[in-house]
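Heads up: the structure comes next, in structure tokens.
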Amino acid sequence: MFGCLGSREHNSAAPTAGVSSTERTPAPTTDAATETATSAETVTESADLPEGAIEAGGTDDDDEFTPSVFDEQSVADDRTDSTSLSSSVFEHSFKNGRRYHKFRHGRYPIPNDETEQNREDMLHAMMLEVTDGRLYFAPIGDNPQKIIDLGTGTGIWAIEMGDRFPSAEIEGLDLSPIQPVWVPPNVKFLVDDIEDTWLNGNNFDFVHLRNMVPVLKSPVNLLRNAYEHMRPGAWIELQDVDGQVHCDDGTMPPDWPLVRFTNHLVEAFAKFGTNSHAAVFGRQYLEQAGFVNIQHHTVKLPYGTWPRDKTMRLVGMYYRTACEEFFPAVGAIHFEMMGWSKIQMEVLFAECRNAMRDPNVHAYGMMHFWSGQKPQ
Numbered sequence: 001m002f003g004c005l006g007s008r009e010h011n012s013a014a015p016t017a018g019v020s021s022t023e024r025t026p027a028p029t030t031d032a033a034t035e036t037a038t039s040a041e042t043v044t045e046s047a048d049l050p051e052g053a054i055e056a057g058g059t060d061d062d063d064e065f066t067p068s069v070f071d072e073q074s075v076a077d078d079r080t081d082s083t084s085l086s087s088s089v090f091e092h093s094f095k096n097g098r099r100y101h102k103f104r105h106g107r108y109p110i111p112n113d114e115t116e117q118n119r120e121d122m123l124h125a126m127m128l129e130v131t132d133g134r135l136y137f138a139p140i141g142d143n144p145q146k147i148i149d150l151g152t153g154t155g156i157w158a159i160e161m162g163d164r165f166p167s168a169e170i171e172g173l174d175l176s177p178i179q180p181v182w183v184p185p186n187v188k189f190l191v192d193d194i195e196d197t198w199l200n201g202n203n204f205d206f207v208h209l210r211n212m213v214p215v216l217k218s219p220v221n222l223l224r225n226a227y228e229h230m231r232p233g234a235w236i237e238l239q240d241v242d243g244q245v246h247c248d249d250g251t252m253p254p255d256w257p258l259v260r261f262t263n264h265l266v267e268a269f270a271k272f273g274t275n276s277h278a279a280v281f282g283r284q285y286l287e288q289a290g291f292v293n294i295q296h297h298t299v300k301l302p303y304g305t306w307p308r309d310k311t312m313r314l315v316g317m318y319y320r321t322a323c324e325e326f327f328p329a330v331g332a333i334h335f336e337m338m339g340w341s342k343i344q345m346e347v348l349f350a351e352c353r354n355a356m357r358d359p360n361v362h363a364y365g366m367m368h369f370w371s372g373q374k375p376q
């Protein structure tokens, strides 16, 4: 899930700009959404913008990034070559022309077809751009031996971790059997519900979840299960978009289409018993599960190519495309469940697509990286 739920305008100063902001605070807060964040680029200081704001100045030029730099198919082709796994547990179901997992059918109501896989891998490429190639922020050291990726999706993060740490054992868990077969020898994938009773080994050095917390029915219970199967001193990291549309300079109208879309999505997620704003509560979840030394980093994800900085324009292109592909994916079940007609959905989604191509609105999403340590 890419996340863009609700709206938030920032008019006060934020921390100094850089790749991310960092905090170590042992006490929980009532609402972590009140924390300001830094940009993932170095920006020019301006008297008109708060520190950490992304400087505008880009245009909506689809030809700026060639297919070799930005192309949905090229992102998909970068995945490890694979063949389909064959087992009854790997069957799929179909609805409104989209494919979904059949194992624990309905548990994760987002498609798992090729379009969604391409979108996931595009988001991964975007995250590498915006974090300067980081796969994580937690201080796990140079020699972790057991790593698990919960909700691994296409498995791209686990595969890259396997390449980066060849002596480590990497596991990836997901409800959908969409991961490659040909992977590094130290990487394996399992089909399982990560919210079930923990059956995936012990003594993990690092537990990773990306874009998962907002779709968990009980984040704290999952984190407690992970805690029990981690070695003392091990780390866990949650990587999620905070579910709000942000703007630093007042250029976003209060009824901007993305704001309306995300407000509806809040209601839709609630019907599934999940919290689309869960990313802002990472500290509370981790502390309630027993973790200490909580660290927090953030990066900004522009909706479109309005930033002046070229890297951030590329990030915005990735993010906009991922959002555009997310609209029909989430509409097929979530909006239909709320009684929306196909025409109503198409009208709103078209408004959202047009809105993200307006360089005069400087809106962005916020990605949160929460990490915590199991006490020694």
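Counting along the sequence shown from 1, when you hit position 180 you're at 180 in full-length UniProt numbering, and nothing is skipped either side. Cβ coordinates follow ideal geometry from the N, Cα and C atoms, glycine included.
Got a sec? Which residues, its chain only, sit under 8 Å from residue 338 by beta carbon, not counting five neighbours each side?
264, 267, 268 and 271
Is residue 365 closer than 7 Å to residue 241 when the C-beta atoms are compared?
yes
What did DSSP end up calling residue 333 once you bin it into helix, strand or coil?
helix
Does the Cβ-Cβ distance between residue 145 and residue 220 come in under 7 Å?
no
Please say whether residue 254 and residue 306 have beta carbons closer to each other than 7 Å?
no
On the premise that residue 293 lies in contact with residue 372, defined as a C-beta separation below 8 Å, what is that separation, rounded to the nearest angstrom?
7 Å
C-beta contact flag for residue 304 and residue 316 at 7 Å:
yes
Provide the residue span of the alpha helix (DSSP H) that contains residue 368, from first to last.
No alpha helix (DSSP H) contains residue 368, which is instead part of the beta strand (DSSP E) from 363-373.
Terminal residues of the beta strand (DSSP E) in which residue 235 lies
230-241
Measuring alpha carbon to alpha carbon, tell me which residue in 291, 310, 349 and 133 is nearest residue 54.
310
Any heavy atom of the ligand ZN closer than 6 Å to the Cβ of residue 171?
The model depicted lacks the ligand ZN and carries no ligand whatsoever.
Does the separation of the CB atoms of residue 285 and residue 216 fall below 7 Å?
no
Between residue 148 and residue 204, how many whole angstroms is the CB-CB distance? I'm expecting something under 8 Å.
5 Å
Going by DSSP, what residue range makes up the beta strand (DSSP E) through residue 210?
204-210
Nearest-angstrom Cα separation, counted from residue 354 out to residue 277:
25 Å
On a CA-only basis, which of 206, 262, 299 and 352 is nearest residue 169? Give me that one, please.
206
Assuming contact is defined by CB atoms lying nearer than 7 Å, are residue 238 and residue 194 in contact in what I supplied?
no
Using the three-state DSSP reduction, which class does residue 162 fall into: helix, strand or coil?
helix
In this structure, how does DSSP classify residue 358 when only helix, strand and coil are distinguished?
coil
Using the Cα positions of residue 244 and residue 259, report the straight-line distance between them to the nearest angstrom.
8 Å
At which residue ranges does the region 118-158 contain complete beta strand (DSSP E) runs of 3 or more residues, listed in the order of the chain?
146-150
Which residues in the same chain have their Cβ closer than 7 Å to the Cβ of residue 136, if we skip the five residues on either side of it in sequence?
208 and 237
So, does the CB of residue 121 fall closer than 7 Å to a CB anywhere in chain D?
Among the chains of the structure shown, chain D does not appear; only one protein chain is present.
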